[in-house]
Structure formats: structure tokens, C-alpha cells
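Novice: Take a look at the following structure, please.
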Amino acid sequence: MTIRNRLVMSPMETMYGTPEGLPSPRTRDYFAARARGGVGLITVGATGIDPRHPETPGGLHLGTDDAVAAHRAWWRRCTSTGPRFSRSSCTPDPTVWARSCIG
206 MTIRNRLVMS PMETMYGTPE GLPSPRTRDY FAARARGGVG LITVGATGID PRHPETPGGL
266 HLGTDDAVAA HRAWWRRCTS TGPRFSRSSC TPDPTVWARS CIG
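Per the working numbering, the sequence shown starts with residue 206, numbered consecutively.
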């Protein structure tokens with residue numbers, strides 16, 4: 206990956222997502238402003254894998270097709286001004302969902 210400069214935004218949890226864990230207009234505007242401001246690499250914080258267990262209220266997830274589509278649309282909007290995106294994934298649920306994980 207080529208990054209346009211050395212400005213990197215560390216991952217942080219904004220809690221700006223919708224109750225369904227999707228990027229809200231506030232989420233999109235927040236990251237778009239940083240993209241327009243010249244950040245070369247934006248790292249989105251605490252993105253859940255399982256929508257049943259959000260990291261925080263208003264936290265984002267990638268656990269459904271709708272969520273993936275919403276994130277793609279959001280990233281396209283922000284990357285049109287030049288930055289790259291990376292993501293900090295999390296799985297806050299301690300429940301074991303597969304018997305094979307129990308040993």
C-alpha cells in the first residue's frame with residue numbers, strides 16, 4: 206500500500222455509529238473531515254466482527270452484508286480525497302461459539 210504522506214490517524218472509538226452498528230452520517234462526516242484535512246492513513250478503531258456483541262454503544266461492526274455494504278460506501282467517499290484506510294477489529298464477546306474451541 207502506498208500512502209500519500211506520513212500523517213497517520215491512530216485507531217479510536219468515536220461511538221458515532223447507528224444503533225445497528227452501521228456508519229452514521231456523523232461517522233462519515235467525522236472521517237471525511239480528516240481525509241480532507243490531509244491524513245494519509247486513517248485507522249478506524251474497535252470494529253466488531255459479530256453484530257450481536259458490539260464493543261461499545263454506537264460501535265461499528267462488519268458482521269452482516271448490510272454492514273459491509275455501508276462500510277464500502279463510506280470508505281469510497283473518504284478515499285476519493287486520497288487517504289488509505291485500515292481497521293482495528295475486535296471481538297468483545299467471551300462466549301465460545303464452536304465446540305472445537307473447547308478442547
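We put the beta carbon where it would ideally sit given N, CA and C, even for glycine.
It should be emphasised that the depicted structure is a prediction, and the values quoted were computed from it without experimental measurement.
1. Among all the DSSP beta bridges, which residues are the ones paired with T248?
2. Nearest-angstrom Cα distance between P288 and G245?
3. Quick one: is T296 buried, meaning 16 or more other Cβ sit within 10 Å of its Cβ, or exposed?
4. Of the residues N210, R231, V213, L212, which one's Cα is nearest the Cα of M220?
5. With a cut-off of 8 angstroms on the beta carbons, I'd call G222 and G263 a contact; round off their distance for me.
6. Report all residues from its chain with a CB closer than 8 angstroms to the CB of A240; omit the five preceding and five following residues, and keep chain order.
7. Once the 5 residues before and after L212 are set aside, which same chain residues still bring their CB inside 7 angstroms of it?
8. Taking the alpha helix (DSSP H) that H276 belongs to, which residues open and close that run?
9. Does the Cβ-Cβ distance between P228 and S293 come in under 8 angstroms?
Specialist: In brief:
1. For the purposes of this step, residue 248 is taken as the residue at position 43 of the sequence shown. The partner list for T248 (beta bridge, DSSP) reads S291.
2. Taking the sequence shown and counting its residues from 1, one reaches residue 288 at position 83. Taking the sequence shown and counting its residues from 1, one reaches residue 245 at position 40. The C-alpha of G245 is placed about 5 angstroms away from the C-alpha of P288.
3. Against the sequence shown, residue 296 aligns to sequence position 91. A residue is called buried when at least 16 other Cβ atoms come within 10 angstroms of its Cβ; T296 does not meet this threshold and is exposed.
4. Within the sequence shown, the letter at position 15 stands for residue 220. The option with the nearest alpha carbon to M220 is R231.
5. To locate residue 222, count along the sequence shown from 1; it is residue 17. To locate residue 263, count along the sequence shown from 1; it is residue 58. Contact between G222 and G263 is confirmed by a C-beta separation of about 5 angstroms, below the 8 angstroms threshold.
6. Locating residue 240 in the sequence shown gives position 35, where the first residue counts as 1. Excluding sequence neighbours, A240 sits near I247, C283, T284, T286, G287, P288.
7. Here residue 212 is taken as the residue at index 7 of the sequence shown, counted from 1. Annotation for L212: G243, V244, G245 place their beta carbon closer than 7 angstroms to its own, counting only its chain and skipping 5 residues before and after.
8. Counting from 1 along the sequence shown, the entry for residue 276 is found at position 71. Taken as a continuous stretch (DSSP letters only), the alpha helix (DSSP H) holding H276 covers 270-284.
9. What you label residue 228 is simply residue 23 of the sequence shown in a count that begins at 1. What you label residue 293 is simply residue 88 of the sequence shown in a count that begins at 1. 8 angstroms or more divides the Cβ of P228 from the Cβ of S293.
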